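Asks: Once you've had a glance at the structure underneath, I'll fire off some questions.
Protein chains: 2
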Amino acid sequence: MNTTQTMVKLILDRWEASMHNCDTLLKELSDDQLQQEAAPGKNRGIYLLGHLIAVHDNMLPLLNFGEKQYPDLTKPFIESPDKAVGEIPSARELRAIWDKQKAHLKTEMDRVKAEDWFGRHTAVSEEDFAKEPHRNKLNIILTRTTHLAYHTGQLIYLK
Amino acid sequence: MNTTQTMVKLILDRWEASMHNCDTLLKELSDDQLQQEAAPGKNRGIYLLGHLIAVHDNMLPLLNFGEKQYPDLTKPFIESPDKAVGEIPSARELRAIWDKQKAHLKTEMDRVKAEDWFGRHTAVSEEDFAKEPHRNKLNIILTRTTHLAYHTGQLIYLK
Chain W
1 MNTTQTMVKL ILDRWEASMH NCDTLLKELS DDQLQQEAAP GKNRGIYLLG HLIAVHDNML
61 PLLNFGEKQY PDLTKPFIES PDKAVGEIPS ARELRAIWDK QKAHLKTEMD RVKAEDWFGR
121 HTAVSEEDFA KEPHRNKLNI ILTRTTHLAY HTGQLIYLK
Chain P
1 MNTTQTMVKL ILDRWEASMH NCDTLLKELS DDQLQQEAAP GKNRGIYLLG HLIAVHDNML
61 PLLNFGEKQY PDLTKPFIES PDKAVGEIPS ARELRAIWDK QKAHLKTEMD RVKAEDWFGR
121 HTAVSEEDFA KEPHRNKLNI ILTRTTHLAY HTGQLIYLK
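Read top to bottom, the protein sequences are chains W and P.
Under the UniProt record's numbering, the first residue of the first sequence is numbered 1, with each subsequent residue one higher.
Under the UniProt record's numbering, the first residue of the second sequence is numbered 1, with each subsequent residue one higher.
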């Protein structure tokens, strides 16, 4: 295994482990628990789940995996705070999307060759990338991994 | 910048940004707020702060930076749950340790050459490392970064 492959494995393993932790937790939480606030006056579990899905959906265009699959979730779960939008999908619907999205992201990520992870993501121009080569696709995985860990630390309070 | 340097920057930048986020939050919280539970029946802010310090202290031997500086914090903040140990340091004392530790870790980390980050950490044998080269020093930084993000997501509930 060369340095490039080692580094890709390092970061993808951490993403996978963080997804697994969150996924295991979600399976332990009931739909009723997801309707609760993680702490008094804070976001509900269902909002945190929708937020994670919406943020992960945006990884598709950033990583050149295609268009967003759930653009309707951006408004209620990224652009709006919890309880600001009246109609949001049910816990059951969001769980189904989470499972489908997890599988889809894994399929797409498995297809990327090790060296291609060092290519630029779509939000950085070729010019900027020449000066800042760390703004690559792996960086998208890394920042979404810490984002996921941050909110998993909140979701666990619903247990 | 070659691939090795790019990868090191990628991961160290994420650690630095996560430390900065947590540090900024800690400065916004009063000592009284740190005495509160992050959510009803959950860990207090002061326990989370002590826990982060104790976990980061253990990075020193793992990264071959020397012995732990605060071995007395392992029992109350890693081996015991919150409120199980009667006497723990005050918020003021823990804040002082946090600042000192942050500077010390940065000094030590700045000294490591890019290629040395790909060397094994001290908890993996040479034999295992030959088979699993991703168990390197960078992986310690990465796992502690997601750990830090997880608990920062909880500390923010004290605001």
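All C-beta atoms in this analysis are idealised placements derived from N, C-alpha and C, irrespective of residue type, glycine included.
Keep in mind the model is a prediction, meaning the values are calculated, not measured.
Applying a beta-carbon distance threshold of less than 9 Å, which residues of chain P neighbour W/D73?
Replies: Against the first sequence, residue 73 of chain W aligns to sequence position 73. The question names Asp, but residue 73 of chain W is Leu in the sequence shown. Those do not exist, as W/L73 stays about 20 Å from chain P at its closest Cβ, beyond 9 Å.
Asks: Where do the N-terminal and C-terminal ends of the alpha helix (DSSP H) with P/T143 fall, by residue?
Replies: As a working note, residue 143 of chain P is residue 143 in the second sequence. Start and end: K137 to L155.
Asks: On the DSSP bridge assignment, give the partners of W/E37 in chain order.
Replies: Taking the first sequence and counting its residues from 1, one reaches residue 37 of chain W at position 37. W/E37 pairs with W/R44.
Asks: Are W/L138 and W/L52 close, meaning C-beta to C-beta below 9 Å?
Replies: Residue numbering aside, residue 138 of chain W sits at position 138 when the first sequence is read from its first letter. Residue numbering aside, residue 52 of chain W sits at position 52 when the first sequence is read from its first letter. No, they are not a contact pair.
Asks: For the alpha helix (DSSP H) containing W/K106, name the first residue and the last one.
Replies: Counted from its first residue, the first sequence places residue 106 of chain W at position 106. That run of the alpha helix (DSSP H) goes A91 to R111.
Asks: On the CB-based measure, 16 or more other CB atoms within 10 Å of its CB, does W/N136 come out buried or exposed?
Replies: Numbered from 1 along the first sequence, position 136 holds the residue referred to as residue 136 of chain W. It counts as buried.
Asks: Looking only at C-alpha atoms, which of W/M19, W/L49 and W/K106 sits nearest to W/L60?
Replies: Within the first sequence, residue 60 of chain W is the residue found at index 60, counting from 1. The shortest C-alpha separation from W/L60 is found at W/K106.
Asks: Using the beta-carbon of each residue, which ones in chain W are nearer than 7 Å to P/A114?
Replies: In the second sequence, the residue the question calls residue 114 of chain P occupies position 114. In chain order: nothing, as chain W lies at least about 10 Å away.
Asks: Report all residues from its chain with a CB closer than 7 Å to the CB of W/N21; omit the five preceding and five following residues, and keep chain order.
Replies: Along the first sequence, read from residue 1 onward, the residue named residue 21 of chain W stands at position 21. So the list reads T152, once near-sequence residues are dropped.
Asks: Does the beta-carbon of P/D32 have 16 or more other beta-carbons within 10 angstroms, so that it is buried, or is it exposed?
Replies: On the second sequence, position 32 is the one that residue 32 of chain P refers to. That one is exposed.
Asks: Just the C-alpha distance for W/P81 and W/G41, rounded to the nearest angstrom, thanks.
Replies: Residue numbering aside, residue 81 of chain W sits at position 81 when the first sequence is read from its first letter. Residue numbering aside, residue 41 of chain W sits at position 41 when the first sequence is read from its first letter. Roughly 12 Å between the two C-alpha positions.
Asks: Between the alpha carbons of P/L158 and P/A130, how many angstroms are there, rounded?
Replies: Within the second sequence, residue 158 of chain P is the residue found at index 158, counting from 1. Within the second sequence, residue 130 of chain P is the residue found at index 130, counting from 1. Taking the straight line from one Cα to the other gives about 44 Å.
Asks: 9 Å is my cut-off, CB to CB: does W/K9 come that close to chain P?
Replies: Taking the first sequence and counting its residues from 1, one reaches residue 9 of chain W at position 9. Yes - at least one Cβ of chain P is within 9 Å of the one on W/K9.
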